Amino acid sequence: MEQYSRQIILPEIGLIGQEKLAAAKVLVVGAGGLGSPVLQYLVAAGVGKIGIVDGDVVAVSNLHRQVLYTPTDVGKPKVLCAQNQLQKHNPEVLIDVYNVFISAKNAAEIIANYHIVVDGTDQIAVRYLLNDACVNLGKPLVYGAIHKFQGQVSVFNFLGGPTYRDLFPDEPAEDSIPSCAENGVLGILPGFVGVAQANEVLKIILNFGNVLSGKLWVFDAKTMCSELIEIVSQSYTEKNTEIHREN
Amino acid sequence: MKINLYGMLAEAAGTAQIEIDDFNGETLGDLRNAVESKFPQLKNKMYKIAQNRKLVNENEKLTEHDEIAFLPPFAGG
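If you're matching them up, the sequences are chains A and B in order.
Residue numbering for the first sequence is 438 to 684, as defined by our numbering.
Residue numbering for the second sequence is 10 to 86, as defined by our numbering.
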């Protein structure tokens, strides 16, 4: 417990909060730019069980922002390198790895084992897939996304709050929203955004502060300006949920 | 009327803030049409409109001092 002493002395956490963290099960989908800081801080905080889903291998071009990895990891599966590094930081945390890409076939089976899902993916279609699976399974989804120098964070499907489809109802064509590989990205940007996602996970588990449900945090690293945009539930969500339940 | 653009909308328009001087419309939908007429490169882009930091539908009425932002989805992670 000594390693957690500086957070246990916070009235918002305490020993009871630390026990809540130890009992929590969090799934991080995508072990890239966003996943790296999310995983590092959740492991350090003592979240009891963490799942990591990613079927990719470490590439040299990942290293400027995916700070979990080193040059000796290049070519190796991300989930195994991440597990190895994170376990050194905190051997008490149980880390389950899934060396696959999340898909319609495996999403429900994997997500069902966790309380909270973190979206650290890099493809727009997967964001919709994760959102719909979390709605179907009743799991909160801690969303983060980045574009060059800007980031977005929100918490979807939390206590009946809005979902990703309330923000962007219609799924765009895959090639219409470019990824980091196509666009480029400032290396520190996923650090800002991923830490904000880890913060939301801690707030959900520990029940302090205001969870970013119904709010979209928009951040610009060039100006250091940020805005909180209110998201209103659309009727689409109810219809979509009903369709999932009928199926 | 000034409009803040995010992400690839700002890149398409070449600026993070645009101004529509001769706007005579009433709703956010009218504003979208005016913006896309002046910046046709924004047509067919997906984005949501925030009015005074709240996402609203395009039937909402505009007032002179509203803060308007166009927000596209981001894919990167």
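Think of the CB as a built atom: it goes at the ideal place given N, C-alpha and C, for glycine as much as any other residue.
These numbers come from a predicted model, not from an experiment.
Query                                                                                                           : Result
Cβ pair count under 8 angstroms reaching 3, the region 631-638 of chain A against the region 600-614 of chain A : no
Alpha helix (DSSP H) segment containing E20(B), residue limits                                                  : G16 to A22
Same chain, Cβ closer than 6 angstroms to E608(A), five either side skipped, listed in chain order              : Y565
Chain-ordered residues of the region 465-495 of chain A with a beta carbon less than 8 angstroms from chain B   : G467, G469, G470, L471 and G472
First and last residue of the uninterrupted alpha helix (DSSP H) at Q455(A)                                     : G451 to A460
Whether Q60(B) touches L37(B) by CB criterion (8 angstroms)                                                     : yes
Where the alpha helix (DSSP H) through G424(A) begins and ends                                                  : This structure cannot settle anything about residue 424(A), because the visible part of chain A is limited to 438 through 684.
Reduced DSSP secondary structure (H/G/I, E/B, other) of T385(A)                                                 : Residue numbering for chain A in the displayed model covers 438 to 684; residue 385(A) lies beyond these limits and cannot be assessed.
A482(A) to Q455(A) span [Cα, whole Å]                                                                           : 8 angstroms
Assigned secondary structure, P514(A) (DSSP; H/G/I helix, E/B strand, else coil)                                : strand
Test item: CB-CB of G467(A) and G557(A) under 8 angstroms                                                       : yes
Within-8 angstroms CB hit, H584(A) to chain B                                                                   : yes
Pairwise C-alpha distance: M438(A) and P448(A)                                                                  : 16 angstroms
In DSSP terms, what Y580(A) is bridged to                                                                       : D556(A) and S591(A)
The alpha helix (DSSP H) enclosing Q477(A), as first and last residue numbers                                   : G472 to A482
Same chain, Cβ closer than 8 angstroms to N543(A), neighbours up to 5 away in sequence not counted              : Y535 and V537
Local conformation of I487(A) per DSSP, three classes                                                           : strand
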